[in-house]
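Novice: Per our numbering, the sequence shown starts with residue 4, numbered consecutively.
From the three backbone atoms N, C-alpha and C, an ideal C-beta is built for every residue, glycine too.
Being a predicted model, the structure only gives us computed values, none of them experimental.
Can you read through this structure? Questions will come right after.
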Amino acid sequence: MTFYGNGTYAWRYSSGPGYFRSASNQSIAPGTTPSTQDPFVNAPHTSGALLFPDGYLPTFGVQENDFQFVAGLRGTISNWNWNFSTSFGQDYAKVYTKNSNNTSAGPEYWAQRDFYDGAQVGKLLVTTLAVSRKLDQGLFGRPLSIAVGVEHRYDSFAKKAGERLSYFAGPWVWPAGTGSNAGTHPNAGAQGMSGFTPASAGPWSRNNLAAYIELNQQLTDAWTVDLAGRYEYFTDFGSVPSGQISIRYEISPAFALRGTFGNGFSAPTLLQSRNSTQGGGFSRDTNPQSPTFGTIRESQSVTTNHYQAIGQAIGVPALNPERSINASIGFVVKPFPRTLLTVDGYLIDISNRITSATATVAQGTALAAVLSAAQVYNVTSVSFNVNGAHTFTKGFDFRFERTESLGAFGTLRWTVTSNQNVTTIKSFSPLPPVIGAASAQTLRVLTGALTSYYPKNISALVLDWNYKSFQFRAKETRWSATNYLGSSPTADQRQSPAFTTDASISYTVSDNVRACLGSHA
């Protein structure tokens with residue numbers, strides 16, 4: 004019997020510019036005179052002074068604690084190898100809005116500039132029992148390899164409400180002389196990003212039970228077949244079976260063909276199902292046909308989901324699991340001793356793909372009426388996750404590996420890998436009727452997010468040098484260029500190819516203890 008385990012703990016703090024902008028949709032530089040048309044900048048303080056005479060730019064801060072621990076036992080009973088393990092991880096992130104203000108609360112609260120917006124907490128507990136052995140069943144003259152396992156996953160996500168003033172929708176309204184905003188309610192909560200409300204907060208969890216079996220049989224000297232099946236039950240989505248068949252044919256000791264066909268299943272995460280936020284700022288009306296053209300207006304973006312009152316009023320559907328069908332074919336070559344080359348081409352068809360949908364809210368529309376009835380004011384866009392697309396991906400994987408003997412200086416293994424893929428969209432799913440059909444601009448942005456936002460090629464060179472009890476590893480990775488498609492070609496952005504470097508050194512103390520130090524750049 005063997006015991007093994009490990010754990011990690013991390014803490015980090017980060018902050019960056021918020022998406023709040025000034026009247027001209029640009030941050031107001033310190034020392035400049037704010038526009039008299041900007042009602043927030045010129046809102047009077049209790050003393051009669053301007054709140055932010057030099058302008059302001061809210062920042063968002065995240066204080067995050069993250070840890071994971073793994074422990075397990077393994078051994079052998081009656082020729083069965085068994086492995087029992089449990090892992091638990093948690094991520095606790097507190098969110099803050101700084102250098103802001105809750106205008107709607109009224110002048111008596113305008114002195115507060117920093118707000119605790121709440122927290123998001125994710126937890127995952129996974130327990131697995133796996134057993135395997137080779138069984139001489141008398142067929143094909145070769146043993147049958149059997150692997151069987153069961154797994155339990157407990158997944159939880161909690162959103163904790165922020166301090167009251169971070170989300171509070173107060174009674175204050177814009178007074179006369181503040182342009183088109185006069186007589187209207189300011190955005191609720193802190194400007195820039197408001198805190199999590201009690202209505203959007205809550206704990207959610209689910210359990211997942213799974214069982215699998217894998218059979219591997221060498222039929223002849225050349226043919227090997229591998230069959231795998233998995234059955235899963237989710238307390239929030241029900242049950243689903245999946246399976247895979249793999250075949251390998253060895254033409255010679257130096258060359259073999261292989262292929263795989265199967266289906267897959269991916270349930271939405273709790274965050275995808277329950278995500279909800281509100282935030283915004285000011286923008287200038289740039290529509291020459293609008294009666295408020297040139298004036299400063301408050302705007303707010305809302306993210307909702309199927310379980311919220313706003314989402315249900317809009318008709319946001321509940322998320323369904325993504326389903327996939329995949330196939331691959333390739334070959335393995337051993338042209339020289341200590342040398343291995345593999346090339347595999349693959350096809351992946353994914354239905355019910357989860358995407359983010361964003362709808363523009365125009366005044367006088369049914370969508371605007373729904374939001375006003377929910378007392379959510381000044382909304383210019385509403386977003387939610389939806390099973391929005393059916394995609395098809397084709398690509399290939401390349402891997403070349405060679406090990407060199409350095410004599411008294413150990414061994415050096417160098418590996419070259421490359422993945423190339425292209426994704427196309429087969430169809431988009433319809434949006435809720437109150438929103439109507441997706442605009443060409445919206446579909447253009449979504450197309451970019453699914454087809455060109457991520458690198459089409461990722462290639463890497465890895466060097467592994469083993470010398471006595473030391474192990475040195477260096478990895479250089481090239482990420483190909485990416486393209487962000489905006490609502491129009493003028494909004495497109497291109498990210499040039501990038502390189503990253505990873506390096507580590509480790510020392511083996513004993514069979515069960517190894518120390519490692521690494522870096523990433």
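What span of residues does the beta strand (DSSP E) with Ala-161 cover, start to end?
Specialist: Looking at the DSSP string, the run of the beta strand (DSSP E) that includes Ala-161 is 147-164.
Novice: DSSP state of Asn-102, grouped into three classes?
Specialist: Asn-102: coil per DSSP, three-state reduction.
Novice: Have a look at Leu-230, Asp-239, Ala-257, Tyr-236 and flag the residue whose alpha-carbon is nearest the alpha-carbon of Gly-246.
Specialist: Among Leu-230, Asp-239, Ala-257, Tyr-236, the Cα nearest to that of Gly-246 belongs to Leu-230.
Novice: For Ala-371, which residues in the same chain have their Cβ closer than 8 Å to its Cβ, ignoring the five residues on either side in sequence?
Specialist: Answer for Ala-371: Val-364, Ala-365, Val-382, listed in chain order.
Novice: According to the neighbour-count rule (16 or more other Cβ atoms, all chains shown, within 10 Å of its Cβ), is Val-153 buried or exposed?
Specialist: Its Cβ having fewer than 16 others within 10 Å, Val-153 is exposed.
Novice: Could you tell me which residues DSSP puts in a beta bridge with Val-437?
Specialist: BP columns for Val-437 are empty, so no partner.
Novice: Classify Val-305: buried if its beta carbon has 16 or more other beta carbons within 10 angstroms, exposed otherwise.
Specialist: Buried.
Novice: Can you check whether the CB of Leu-147 is closer than 8 Å to the CB of Leu-222?
Specialist: Cβ atoms of Leu-222 and Leu-147: not closer than 8 Å.
Novice: Taking Phe-526 as the reference, give the member of Ile-328, Thr-345, Pro-324 with the closest Cα.
Specialist: With the chain represented from 4 up to 524, any question about residue 526 goes unanswered, as that position is not in the structure.
Novice: What is the rounded straight-line gap between the Cα of Phe-160 and the Cα of Asn-190?
Specialist: In a straight line, the C-alpha of Phe-160 is about 27 Å away from that of Asn-190.
Novice: Could you tell me the alpha carbon to alpha carbon distance between Gln-194 and Phe-475, rounded to whole angstroms?
Specialist: Roughly 50 Å between the two C-alpha positions.
Novice: Just to check my reading of the structure: Lys-397 and Val-425 have Cβ atoms closer than 8 Å, yes? What is that Cβ distance to the nearest angstrom?
Specialist: Going by Cβ atoms, the distance from Lys-397 to Val-425 rounds to 6 Å, so yes, they are a contact pair.
Novice: Between the stretch 86-95 and the stretch 58-75, are three or more C-beta pairs nearer than 8 Å?
Specialist: Judged by Cβ distances under 8 Å, the stretch 86-95 makes contact with the stretch 58-75, as three or more pairs qualify.
Novice: Using only CA atoms, which one of Gly-367, Leu-466, Ala-484, Ala-494 lies nearest to Ser-507?
Specialist: Measuring from the Cα of Ser-507, the nearest candidate turns out to be Leu-466.
Novice: Going along the chain, which unbroken runs of the beta strand (DSSP E) with 3 or more residues stay wholly within the stretch 329-354?
Specialist: DSSP runs (the beta strand (DSSP E)) wholly in the stretch 329-354: none.
Novice: I need the straight-line Cα distance from Asn-266 to Ala-518, nearest angstrom please.
Specialist: Rounded to the nearest angstrom, the two C-alpha atoms are 39 Å apart.
Novice: Consult DSSP for Asn-184 and reduce its assignment to one of helix, strand or coil.
Specialist: Three-state DSSP puts Asn-184 in a helix.
Novice: Between the Cα of Ile-438 and the Cα atoms of Val-379, Gly-192, Thr-361, which residue gives the shortest distance?
Specialist: It is Thr-361 whose Cα lies nearest to the Cα of Ile-438.
Novice: Assuming Val-448 is part of the alpha helix (DSSP H), what are its boundary residues?
Specialist: Counting along the chain, the alpha helix (DSSP H) containing Val-448 begins and ends at 443-454.
Novice: Give the range of the alpha helix (DSSP H) segment to which Val-373 is assigned.
Specialist: First-last of the alpha helix (DSSP H) with Val-373: 369-376.
Novice: Measure the C-alpha to C-alpha separation of Ser-483 and Phe-403 and round it to an integer number of angstroms.
Specialist: Distance between the alpha carbons of Ser-483 and Phe-403: 20 Å.
Novice: Classify Gln-303 as buried or exposed, calling it buried when 16 or more other Cβ atoms lie within 10 Å of its own Cβ.
Specialist: With 16 or more Cβ atoms within 10 Å of its Cβ, Gln-303 is classed as buried.
Novice: Output the boundary residues of the beta strand (DSSP E) element that contains Ser-276.
Specialist: Ser-276 -> not in any beta strand (DSSP E); alpha helix (DSSP H) instead, spanning 273-277.
Novice: What residues in its chain sit with their C-beta under 8 Å from that of Ile-254, if we drop five residues either side in the sequence?
Specialist: Excluding positions up to five away in sequence, the list reads Ala-225, Leu-260.
Novice: Can the beta-carbon of Gly-262 be found closer than 8 Å to that of Ile-332?
Specialist: Yes.
Novice: Closer than 8 Å is the cut-off here; do at least three beta carbon pairs connect the stretch 112-124 with the stretch 163-183?
Specialist: They touch, by the three-pair rule.
Novice: Would you mind sorting Gly-180 into buried or exposed? The rule is 16 or more other CB atoms within 10 Å of its CB.
Specialist: Exposed, by the Cβ-count rule.
Novice: Distance, Cα to Cα, Leu-76 vs Val-134?
Specialist: Going by the C-alpha atoms only, they are around 12 Å apart.
Novice: Please report the residue range of the beta strand (DSSP E) in which Gly-267 lies.
Specialist: Taken as a continuous stretch (DSSP letters only), the beta strand (DSSP E) holding Gly-267 covers 258-269.
Novice: Following the continuous beta strand (DSSP E) through Gly-391, name the residue where it begins and the one where it ends.
Specialist: Segment 382-408, the beta strand (DSSP E) holding Gly-391.
Novice: Which first and last residues belong to the alpha helix (DSSP H) in which Tyr-112 is found?
Specialist: Looking at the DSSP string, Tyr-112 is not in any alpha helix (DSSP H), and its letter there is neither H nor E.
Novice: Identify, in the order they occur along the chain, each residue of the same chain with its Cβ nearer than 6 Å to the Cβ of Pro-244, setting aside the five sequence neighbours on each side.
Specialist: Around Pro-244: Tyr-234.
Novice: At the level of alpha carbons, what is the spacing between Ser-3 and Ala-330?
Specialist: The question about residue 3 has no answer here: the residues shown for the chain are numbered 4 through 524.
Novice: Let me confirm a value: Trp-83 is counted as buried when at least 16 other C-beta atoms fall within 10 Å, else exposed. Which label applies?
Specialist: The residue is exposed, with fewer than 16 neighbouring Cβ atoms inside 10 Å.
Novice: Is Lys-163 buried or exposed, if buried means 16 or more other CB atoms sit within 10 Å of its CB?
Specialist: The residue is buried, with at least 16 neighbouring Cβ atoms inside 10 Å.
Novice: According to the neighbour-count rule (16 or more other Cβ atoms, all chains shown, within 10 Å of its Cβ), is Phe-63 buried or exposed?
Specialist: Classification of Phe-63: buried, given that the 10 Å Cβ count is 16 or more.
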